[in-house]
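Only one structure is covered here, and it is reproduced in the block below.
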Amino acid sequence: MYVLSGWEGLAHDSKLLNDSIIRRNGLKVTQGVKYHLQDFASQVNDPKNEKEFFNLHRAYLRNVIKKEFFNLHRAYLRNVIKKIFGTFKSRFTIFKSTPPFLFKTQVELVLACATLHNFLHKECHYDEFSIELVD
1 MYVLSGWEGL AHDSKLLNDS IIRRNGLKVT QGVKYHLQDF ASQVNDPKNE KEFFNLHRAY
61 LRNVIKKEFF NLHRAYLRNV IKKIFGTFKS RFTIFKSTPP FLFKTQVELV LACATLHNFL
121 HKECHYDEFS IELVD
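Quick note: the sequence shown uses full-length UniProt numbering, first residue 1, plus one each step.
Here you go:
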């Protein structure tokens, strides 16, 4: 997984992709990969119930042209990204509102929480982690 933090939400995806590729230890583009999936958060119009959406289109998929097939899968992957952000915000409640930290600290918090999330997911083998509050 590659996480690029430190950009505003309205930054154009081509700038984000270019920045992620030219950075030291940046994104590595694999030979043969034709598409990069990006999150256009302000333009996402995904159905609320993805299962129902894809069940309606299952029969249609057999006869769909490549472009429409790509767009359908892209919509599905955008929904996955949306769920990832939802999981991230629910697990680390500090991101539900604008944190009262300097921007540089916020960038580091995103990376630290992404690393912690991946570690817990890998080591605990499940998504729900009990949190004990300490006085």
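The beta carbon of each residue, even a glycine, is placed where N, CA and C say it ideally should be.
Bear in mind that the values here come from a model prediction, so they are computed numbers and not experimental data.
Exposure of residue 12 is indicated by the presence of fewer than 16 other C-beta atoms within 10 angstroms of its C-beta. Taken in chain order, the complete alpha helix (DSSP H) segments of 4 or more residues contained in the stretch 89-129 are 103-124.
Assigned with DSSP and collapsed to three states, residue 82 falls in helix.
The three-state reading of DSSP puts residue 25 in coil, since its state is none of H, G, I, E or B. Nearest to residue 114 by alpha-carbon distance, out of 24, 91 and 74, is 91. For residue 73, the three-state secondary structure derived from DSSP is helix. When the beta-carbon positions are compared, residue 20 and residue 4 come within less than 8 Å of each other. For a cut-off of 8 Å, the C-beta gap from residue 103 to residue 109 is around 10 Å, too long to register as a contact. By the Cβ neighbour-count rule, residue 78 is buried, with 16 or more other Cβ atoms within 10 Å of its own.
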